[in-house]
Every structure is written in structure tokens, then in C-alpha cells.
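Working notes for the structure below.
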Amino acid sequence: MVSAVLFGSFALFLILSVPIGISLGLATLVTIFYSGSLPIEFLMKELVTSVDSFPLMAVPFFILAGEIMGKGGISERLFNVANALVGNKTGGFAIATVITSMFFAAISGSGPATVAAIGGIMIPAMVRNGYDKKFSTAVVAAAGSIGVIIPPSIPMVIYGVVGNVSIGDLFIAGIIPGLLVGLGLIVWTYYYSKKKGFKGLDEPTSLKKIWTATWDAKWALLIPVIILGGIYGGIFTPTEAAVIAVVYGLIASLFIYRELPFKELPKVLADSALTTATVLIIVGTATAFGRFLTIEQIPNKVAQAMLSISDNSIVMILLITVLLLIVGCFMDTLAAIIILTPILLPIAVQLGYDPIHFGIIMVVNLAIGFITPPLGVNLFVASGISGLSIEALSKAVLPFFVAMIITLLIIIFIPQLSLFLLSFGGN
Numbered sequence: 001m002v003s004a005v006l007f008g009s010f011a012l013f014l015i016l017s018v019p020i021g022i023s024l025g026l027a028t029l030v031t032i033f034y035s036g037s038l039p040i041e042f043l044m045k046e047l048v049t050s051v052d053s054f055p056l057m058a059v060p061f062f063i064l065a066g067e068i069m070g071k072g073g074i075s076e077r078l079f080n081v082a083n084a085l086v087g088n089k090t091g092g093f094a095i096a097t098v099i100t101s102m103f104f105a106a107i108s109g110s111g112p113a114t115v116a117a118i119g120g121i122m123i124p125a126m127v128r129n130g131y132d133k134k135f136s137t138a139v140v141a142a143a144g145s146i147g148v149i150i151p152p153s154i155p156m157v158i159y160g161v162v163g164n165v166s167i168g169d170l171f172i173a174g175i176i177p178g179l180l181v182g183l184g185l186i187v188w189t190y191y192y193s194k195k196k197g198f199k200g201l202d203e204p205t206s207l208k209k210i211w212t213a214t215w216d217a218k219w220a221l222l223i224p225v226i227i228l229g230g231i232y233g234g235i236f237t238p239t240e241a242a243v244i245a246v247v248y249g250l251i252a253s254l255f256i257y258r259e260l261p262f263k264e265l266p267k268v269l270a271d272s273a274l275t276t277a278t279v280l281i282i283v284g285t286a287t288a289f290g291r292f293l294t295i296e297q298i299p300n301k302v303a304q305a306m307l308s309i310s311d312n313s314i315v316m317i318l319l320i321t322v323l324l325l326i327v328g329c330f331m332d333t334l335a336a337i338i339i340l341t342p343i344l345l346p347i348a349v350q351l352g353y354d355p356i357h358f359g360i361i362m363v364v365n366l367a368i369g370f371i372t373p374p375l376g377v378n379l380f381v382a383s384g385i386s387g388l389s390i391e392a393l394s395k396a397v398l399p400f401f402v403a404m405i406i407t408l409l410i411i412i413f414i415p416q417l418s419l420f421l422l423s424f425g426g427n
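Letter by letter, the sequence shown follows residues 1 to 427 of the numbering used here.
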């Protein structure tokens with residue numbers, strides 16, 4: 001009955017359009033009053049202790065780094081590199097958008113931030129060059145999902161903290177799956193562009209053009225190399241890497257590219273502080289929610305119930321995948337990871353899945369939730385940029401959803417895609 005009150009009140013608050021972070025906190029509070037098994041101070045304590053974590057400090061710094069680089073001329077230079085590579089091909093602008101999102105994903109760690117940084121440039125540019133507005137907006141929304149798969153990834157940081165898994169190993173493991181998801185989106189983009197006759201630029205590509213664009217963007221392209229190289233080389237932790245990304249982004253945006261005026265810094269700091277506050281409220285209330293589940297032994301009961309369905313690892317991982325896809329439609333990614341990791345990770349390990357590989361499966365699953373209504377955050381961000389309705393965009397993004405499902409299944413059933421790079425470090 002306690003679990004029914006907990007989940008029922010949470011669902012009720014969501015139906016009433018209460019923000020998810022507040023819904024989780026209120027549901028926990030209601031259940032505390034109902035059960036009488038815990039003091040009211042339990043919620044306050046969990047809100048504080050859940051964010052009192054050194055690894056979790058990476059989150060606000062990665063958010064700030066993404067804000068700085070998104071407004072410091074870096075996204076335009078990344079697009080110029082992608083456009084120099086594929087701009088003259090069929091669907092060149094759309095393919096360049098996906099590639100640019102992959103570049104930016106290696107900087108921001110956030111799906112909505114990637115959409116916001118890339119969409120403002122690319123959606124108008126594609127429409128001007130004859131691309132359909134629905135398709136253009138869908139490309140940006142779908143490609144933005146890569147922002148949480150290619151490291152650094154904020155959901156991977158949360159999974160690492162909750163599941164007691166190496167964040168650095170998760171970052172390395174996410175590289176190939178992130179590239180694979182991007183490739184899947186590129187394949188569909190090329191097919192659709194060829195079918196609709198979306199041609200590339202008339203001017204041919206050349207080594208000189210590629211070199212010029214790459215040289216101009218060299219400071220931006222070095223960022224993921226420094227972050228991942230430093231983490232995997234043991235030079236600094238993911239949290240320290242996030243701080244270095246902020247400092248590097250400030251130097252590049254303020255003094256090298258000079259496209260971020262000093263007078264804009266307060267707004268950048270305010271925007272990142274607002275985003276960070278939203279994220280940490282969700283982390284705090286979701287942790288309290290999850291802790292209450294653990295105290296009531298709900299994860300054990302769910303695990304036993306799921307394992308009683310089948311002992312076949314393929315059947316079980318497909319059931320978990322369906323569950324995560326459904327949850328991704330209705331729940332924030334970070335909240336889902338905090339609540340479901342303690343439930344699903346032990347099941348996955350018992351079925352023989354590596355915790356790192358399962359973390360990638362979980363993140364890719366929930367990344368798809370960024371483009372699935374009713375909570376698809378990327379849909380709302382992209383819709384706000386283009387002016388397209390959510391209903392129209394939801395239909396336009398469906399083929400990209402299918403492409404991501406196919407790549408997800410490949411990632412699930414070929415674990416070497418996630419674990420291959422880790423073998424070079426002796427893990």
C-alpha cells in the first residue's frame with residue numbers, strides 16, 4: 001500500500017503539471033506522512049546529502065562549460081568543419097548538422113543544450129537552402145540526443161555516482177555507441193534527402209577548405225581531446241576535467257575567438273545557475289524518492305518479480321529496454337537514472353551484463369526519451385526555435401526514433417562496442 005501511495009501521488013502531481021523535481025519531493029513527503037515510519041527530517045537530509053558529492057560537482061561545471069561554448073562562437077566553427085567535409089554531398093546541410101551535434105556533444109554533455117546551440121544556427125540555414133522545415137527541425141531535435149551519449153555526459157555522471165561505477169570508464173565506453181547513433185541518424189538523413197532531392201552546396205569540397213575550417217576550429221576541437229585524454233590518462237578526475245573545460249572555454253571564447261563579450265558573462269552565469277539548480281533539485285528529490293523505495297524494499301520486490309518472468313538474458317534485457325523507453329516518455333532522464341539504477345543494475349549484473357555496458361544501454365535508452373512525447377525536452381526546445389508545433393514535430397521525428405532504436409539494439413547485443421576501448425587501459 002505504501003508503494004501505491006508513493007507512485008500514485010507522484011503520478012497525480014505529474015498529471016497536474018507540477019514540475020518533476022517538485023512532484024518527486026511532494027510524493028515522498030505525502031508517503032512519509034502516510035506511512036509514519038520516517039521523520040519529516042528524512043526528506044531534508046536526503047536533499048542535502050544527495051548533492052554533497054565530489055563526482056557530482058562535475059555537473060554544474062559541464063553545464064557552465066556548455067553555456068560558455070554555445071555563446072562563444074564555438075558551435076559556428078564546428079559547423080564550418082562539418083560543412084567543409086560533407087556540405088557538397090546529398091543532404092549535406094542536414095548531415096553537417098548531425099556531425100556538428102556530435103562535435104558539440106563532446107563539449108556540453110546535455111541534449112537540450114546541444115539543440116539550443118546548434119538549432120538556432122542550423123534550422124534557419126537549412127530552411128533557407130530549400131530543406132523542409134519539419135525535416136530540418138526533426139534533424140536538430142534527434143541529433144541533440146547524442147549530447148548525452150558522447151562524453152562528457154551528465155547522465156553518465158549521475159549513473160556513475162548512483163551505481164558506484166567509474167565515470168571515466170563510462171565516458172570512454174560511450175564514445176563508440178555515440179558515434180554509432182550519429183551514424184544511424186546520418187544514414188536516414190542521407191536516404192530522406194536523396195528521396196526528396198535535397199542537394200548539397202554547388203562548390204566542391206577540397207583539402208584546402210577542410211584544412212582552413214579545421215584550423216579555425218582547432219581550439220574547439222581540442223576540448224574533447226583534453227577532457228577525455230586527461231581523464232583516461234589519469235591526469236585529472238571527471239570533476240577536475242569539468243573545471244578545466246570551463247577555464248578553457250572562457251579563454252577560447254573571450255580571448256581567442258572574442259565572440260563572448262565580458263558584459264554577457266553575468267547572463268551566461270545566471271543561465272547556467274538556473275539550469276544547475278533545476279538539475280540538482282531533481283537529483284535531490286529523486287534520491288529521496290529512491291531512498292524511500294529502498295527502505296520499503298521495493299527494488300528487491302521488483303527485481304524478484306522481473307526475474308520470475310524469465311531467466312533468459314535476452315528476454316529480460318528487452319523487457320528492461322521497453323521499460324526504459326516508456327519511462328523516458330514520462331520522466332526526466334536524471335530522475336529515471338537515480339530511481340531505476342538501484343532496481344535494474346543488480347538485475348543486469350545477475351543476468352551477466354557488465355555495469356559499464358548496462359550504463360551505456362540505460363543512457364542511450366533514455367536519450368531516445370528526449371524526442372518522445374509528451375516529455376521530449378528536445379522537441380520543445382527545437383519547436384521553440386522553429387515555431388513548428390509539437391504535434392507536427394513528433395510525426396517528423398518518428399523515422400529518427402526508429403533509427404535510434406535500431407542502433408540501440410546493436411549496442412545491446414554487441415557489448416564490445418561499449419567495452420572495446422576500455423580494453424586498451426587494461427580494464
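A virtual CB, placed ideally from N, CA and C, is assigned to each residue, including glycine.
Trp219 and Trp188 have their C-alpha atoms roughly 31 Å apart. Inclusion of Gly91 and Glu259 in the CB contact set at 9 Å is not warranted, their separation being larger than that value. The alpha carbon of Asp354 has as its nearest neighbour, out of Gln304, Leu393, Ile411, Leu324, the alpha carbon of Ile411. The beta carbons of Ala143 and Leu185 sit about 6 Å from each other, so the pair counts as a contact at 8 Å. Of all alpha-carbon atoms in Gly163, Leu85, Gly249, Pro60, the one lying nearest the alpha-carbon of Ala277 is that of Pro60. Secondary structure at Met331: coil, using DSSP grouped into helix, strand and coil.
In the DSSP annotation of this structure, Asn129 is not part of any alpha helix (DSSP H), being labelled neither H nor E. In this chain, the alpha helix (DSSP H) harbouring Lys301 covers 298–309. Within the same chain, and ignoring the five residues on either side of Gly200 in sequence, the residues whose Cβ sits closer than 8 Å to its Cβ are Val86, Gly87, Asn88, Lys89, Thr90, Gly91, Gly92, Phe93. Judged by DSSP secondary structure, Lys218 falls within the alpha helix (DSSP H) whose first and last residues are 218–232.
A residue is called buried once 16 or more other Cβ atoms fall within 10 Å of its Cβ, and Glu67 is buried on that count. Counting C-beta atoms within 10 angstroms of its own C-beta, Gly130 has fewer than 16 neighbours from the protein chains shown and is therefore classed as exposed. Ser166 carries a coil assignment under DSSP once its states are collapsed to helix, strand and coil.
In this model, Ala273 and Pro112 are separated by some 15 Å (Cα to Cα).
Between Ile314 and the set Val327, Gly352, Ile356, Arg291, the nearest pair of CA atoms involves Gly352.
DSSP, reduced to helix, strand and coil, places Glu46 within a helical segment of the structure shown.
Between Pro399 and Cys329, the gap from beta carbon to beta carbon reaches 9 Å or more. In the structure shown, the three-state DSSP call for Lys263 is helix. Annotation for Pro415: Asp354, His357 place their beta carbon closer than 7 Å to its own, counting only its chain and skipping 5 residues before and after. When only Cα atoms are considered, Leu421 and Ile338 end up about 26 Å apart. Proximity of the segment 38–47 to the segment 5–20 falls short of the contact definition, fewer than three beta-carbon pairs being nearer than 8 Å.
Excluding its 5 nearest sequence neighbours in each direction, Ile282 has C-beta neighbours in its own chain below 6 Å: Gly21, Asp332, Leu334, Ala335, listed in chain order. Beyond the five residues adjoining it in sequence on each side, Leu324 comes within less than 7 Å, by CB distance, of Met362, Asn365, Leu366 in the same chain, given in chain order. Here Asn88 carries a coil assignment [DSSP, helix/strand/coil]. Positions of the alpha helix (DSSP H) runs, each at least 4 residues long and wholly inside the segment 372–426, are given as 377–386, 390–396, 398–413, 416–419 in order along the chain.
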